[in-house]
Amino acid sequence: MHQVPPARRGVRVVDPDQVCDATAVLADGEQLRHAAAVLDALGDVHRLSILLALHHAGDLCVSDLAFAVGMSDSAVSHALRLLRAHGMVAAHRQGRLVRYRVVGGLTTRLLDVVSEGVVGDVVLHAHSTAGAHLDAVPVPQD
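Number 89 in this note's numbering belongs to position 85 of the sequence shown; there are no gaps in the numbering.
Rendered as structure tokens:
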């Protein structure tokens with residue numbers, strides 16, 4: 005049975021079964037708005053870079069993220085505030101540091117898909133054999 009709202013019962017449709025299906029998949033407006041916000045956030049190269057860095061490298065603090073993505077600390081902090089507001093990252097305190105991580109099933113699944121085309125086969129030092137680590141990269145002095 006087709007679930008047509010009373011106010012729209014007189015409207016002519018060509019394929020009622022398909023219209024019913026299309027209406028059904030769009031019924032949860034809140035989830036639809038959330039998905040649009042996540043996709044919008046992923047549409048900015050800086051926010052996408054931050055999310056990919058967190059997704060693959062693990063929990064990072066603002067200064068490490070800023071170094072990794074080539075942005076200022078304040079710009080990364082601003083982007084993280086937006087990503088937190090959309091439920092895409094969470095912060096947790098570790099001593100004096102605040103570390104960020106990717107959260108949310110939709111965000112994680114989308115980052116997995118994007119990573120297939122963007123990241124490729126990269127050797128990640130932090131996730132290699134137990135006990136191995138990457139020494140800090142020296143910053144060139146001018």
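C-beta atoms are modelled at their ideal positions from N, C-alpha and C, and glycine is treated no differently.
Val-80 versus Gly-99, Arg-97 and Arg-103, residue with shortest Cα-Cα distance: Taking the first residue of the sequence shown as position 1, residue 80 is located at position 76. With distances taken between Cα atoms, Val-80 lies closest to Arg-103.
For His-90, three-class secondary structure by DSSP: Mapped onto the sequence shown, residue 90 falls at position 86. Residue state, collapsed to three classes: coil.
Rounded C-alpha distance that separates Leu-138 from Asp-68: Counted from its first residue, the sequence shown places residue 138 at position 134. Counted from its first residue, the sequence shown places residue 68 at position 64. Residue placement at Leu-138 cannot be trusted, given a pLDDT of 39 that sits under 50; the coordinates are not used to answer.
Beta carbon of Ala-45 nearer than 9 Å to that of His-90: The residue you call residue 45 lines up with position 41 of the sequence shown. The residue you call residue 90 lines up with position 86 of the sequence shown. Contact: yes.
Short Cβ contact (9 Å threshold) for Leu-56 with Val-118: Numbered from its first residue, the sequence shown carries residue 56 at position 52. Numbered from its first residue, the sequence shown carries residue 118 at position 114. Yes. Within cutoff.
Beta carbon of Val-127 nearer than 9 Å to that of Val-107: Looking up residue 127 in the sequence shown gives position 123. Looking up residue 107 in the sequence shown gives position 103. No, the Cβ-Cβ distance between Val-127 and Val-107 is not below 9 Å.
Three-state secondary structure (DSSP) of Gln-145: Walking along the sequence shown from the start, residue 145 turns up at place 141. Note that Gln-145 has pLDDT 45, beneath the 50 cutoff, so the model's placement of it is unreliable and the number below is only indicative. If DSSP states are grouped into helix, strand and coil, Gln-145 belongs with coil.
Boundaries of the alpha helix (DSSP H) in which Leu-114 is found, first to last residue: Looking up residue 114 in the sequence shown gives position 110. Element bounds for Leu-114: 109-122.
Spatial distance of Ala-41 from Val-23 (CA atoms): Residue 41 sits at position 37 when you count from the first residue of the sequence shown. Residue 23 sits at position 19 when you count from the first residue of the sequence shown. Each residue's Cα considered, the two are about 25 Å apart.
Buried/exposed call for Ala-70, threshold 16 Cβ in 10 Å: Walking along the sequence shown from the start, residue 70 turns up at place 66. By the 10 Å Cβ count, Ala-70 comes out buried.
Run of the beta strand (DSSP E) containing Arg-103, from where it starts to where it stops: Within the sequence shown, the letter at position 99 stands for residue 103. Element bounds for Arg-103: 101-106.
Selected residue, minimal CA-CA separation from Gln-66, among Arg-85, His-60 and Val-49: Walking along the sequence shown from the start, residue 66 turns up at place 62. Rather than Gln, the amino acid found at residue 66 in this sequence is Val. Nearest of Arg-85, His-60 and Val-49 to Val-66, Cα basis: Arg-85.
Nearest-angstrom Cα separation, counted from Gln-35 out to Val-15: By 1-based counting over the sequence shown, the position of residue 15 is 11. By 1-based counting over the sequence shown, the position of residue 35 is 31. If I take the Cα positions, the gap works out to 27 Å.
Length of the line joining the Cα atoms of Val-143 and Gly-74: Counting from 1 along the sequence shown, the entry for residue 143 is found at position 139. Counting from 1 along the sequence shown, the entry for residue 74 is found at position 70. Unreliable placement is indicated for Val-143, whose pLDDT of 43 sits below 50; no coordinate value is reported for it.
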